[in-house]
């Protein structure tokens, strides 16, 4: 009887592990797809020209600030919704939970560098004359 319980628990653990692995792989694939898509959309946005031949949106750094700001807001909303809808333990960590200053100091260097990288990429795309 104990052996059956142990094998059933092991099977449940393996199923959860497979589901977690599948979610991680799907998240990575979506991330890589979107990261590859963003520069193409940005270049298309910066290439569009008005009737006088002047680019309609010649502000690559504004485009970077807008995309990173929108992404940040969407992630905060998703974290908040997950906390109120899905987390059974109300003490679970979420973006606006306790220790907000620590969380911000932990992600600030990576976020700043990502913003600089995105800004330089968009600036370079605006300067490059690609078909």
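In this note's numbering, the protein residues as written are 1 to 131. The beta-carbon is built from N, C-alpha and C at its ideal position, and this holds for glycine as well.
Own chain partners of residue i with C-beta closer than 6 Å, once the 5 adjacent residues on each side are dropped
i: residue 119; result: 61, 64
i: residue 95; result: 76, 79
i: residue 108; result: none
i: residue 115; result: 68
Three-state class that DSSP yields for residue i in the structure shown
i: residue 49; result: strand
i: residue 60; result: helix
i: residue 55; result: strand
i: residue 65; result: helix
i: residue 98; result: coil
i: residue 86; result: coil
i: residue 44; result: helix
i: residue 27; result: helix
i: residue 93; result: coil
Whole-angstrom distance between residue j and residue i, CA atom to CA atom
i: residue 49; j: residue 129; result: 13 Å
i: residue 42; j: residue 122; result: 7 Å
i: residue 132; j: residue 22; result: Outside the modelled stretch of the chain, which goes from 1 to 131, sits residue 132, for which no answer is possible.
i: residue 31; j: residue 87; result: 24 Å
i: residue 20; j: residue 54; result: 49 Å
i: residue 59; j: residue 45; result: 10 Å
i: residue 104; j: residue 66; result: 19 Å
i: residue 38; j: residue 70; result: 13 Å
i: residue 82; j: residue 33; result: 24 Å
i: residue 89; j: residue 99; result: 17 Å
i: residue 92; j: residue 84; result: 10 Å
i: residue 57; j: residue 47; result: 8 Å
i: residue 106; j: residue 51; result: 47 Å
i: residue 124; j: residue 36; result: 16 Å
Status (buried if at least 16 other CB within 10 Å, exposed otherwise) for residue i
i: residue 126; result: buried
8 Å CB neighbourhood of residue i in its chain, flanking five on each side removed
i: residue 117; result: none
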